[in-house]
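Going left to right, the sequence shown walks through residues 39 to 253 as this note's numbering numbers them. Quick reminder that beta carbons are idealized off the backbone N, C-alpha and C, glycines included. Note that the coordinates shown come from a computational prediction; the quantities given were computed from them, not determined experimentally. Heads up, the thing below is written out as structure tokens.
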Amino acid sequence: MIMESDLVENIASDVLFNTDLLAIICQNLWDTVKTGGCPVAPNGNRVHPLVSLALTCQTVSSLALDTLWRDIQAYRFQPILRIFPPASSGNLQVLPEDIPDKTWVRFWQYASRIRCIAFDPTSCACFSSTVFLRLAEYQTPIFPKLQHLKSDASFAASPSILFFLPAKPLNEIQLTFRGSTDITTSSTCMRAIKWRVPALQTLHISCPEFDNGQY
């Protein structure tokens, strides 16, 4: 005869070792935060439920972190910068001269999880472009499993974008141009993409001033 406690334990084990079910749970938590924001913890702080899940259960930790870091478009580049010790040059954030090996390992662990990221003038305004050079010293492309890149013309026409384009899985790029974007900038962007991502499947081009943000 199966005791009720044994039945509960078996159900819990089935859940913990069912990767598909865990993936659905993690995705539901992510979707809930996207629509309603992070819940408030008893101490008054807002904590992402996937962070809590990753810290609470070692069995689910990797999958929770994969889901948490997969799409960081809403947060731009800031999550990556927070991995490293704080340092600045003037008013711009930079990477410190001396970075412990264990920090580089953490960077690799998180960078390899990122699939989607976005860049615009505001997202790059607080840190120096030398950050990209430092990260490229460690690995290029910076995000080896990147699949979706969203960018405005200012970043797409800069040399820094070359550290992201060689990602083999990259299959979709969204470019946003302004009405004032000159032909040299736009054509340079297109050439760089054609050169670095010859197998690109989807390219979206938008000019919100003229098409209401439609691609």
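query                                                                                               : result
7 Å Cβ cutoff met for Ile152 and Phe181                                                             : yes
Proximity below 7 Å, CB of Cys64 to CB of Thr94                                                     : no
DSSP-derived helix/strand/coil call for Val169                                                      : helix
Inter-residue Cα distance where the pair is Ser218 and Asn81                                        : 48 Å
C-alpha distance - Cys76 paired with Phe202, whole-angstrom precision                               : 29 Å
Secondary structure, alpha helix (DSSP H): runs of 4+ residues fully inside the segment 76 to 117   : 87 to 94 and 96 to 108
Runs of alpha helix (DSSP H) wholly within the segment 115 to 180 (minimum 4 residues, chain order) : 116 to 119, 139 to 149, 159 to 162 and 168 to 176
Coil, strand or helix - Ser224 by DSSP                                                              : helix
Span separating the alpha-carbon of Asn17 from that of Ile62                                        : The structure shown does not extend to residue 17, since the chain is modelled only from 39 through 253, so no value can be given for it.
Thr168 beta carbon less than 7 Å from that of Val143                                                : no
Span separating the alpha-carbon of Phe170 from that of Gln177                                      : 10 Å
Buried or exposed (CB count within 10 angstroms, at least 16 for buried), Thr240                    : exposed
CA nearest to the CA of Ser244, picked from Ala230, Thr226 and Arg216                               : Arg216
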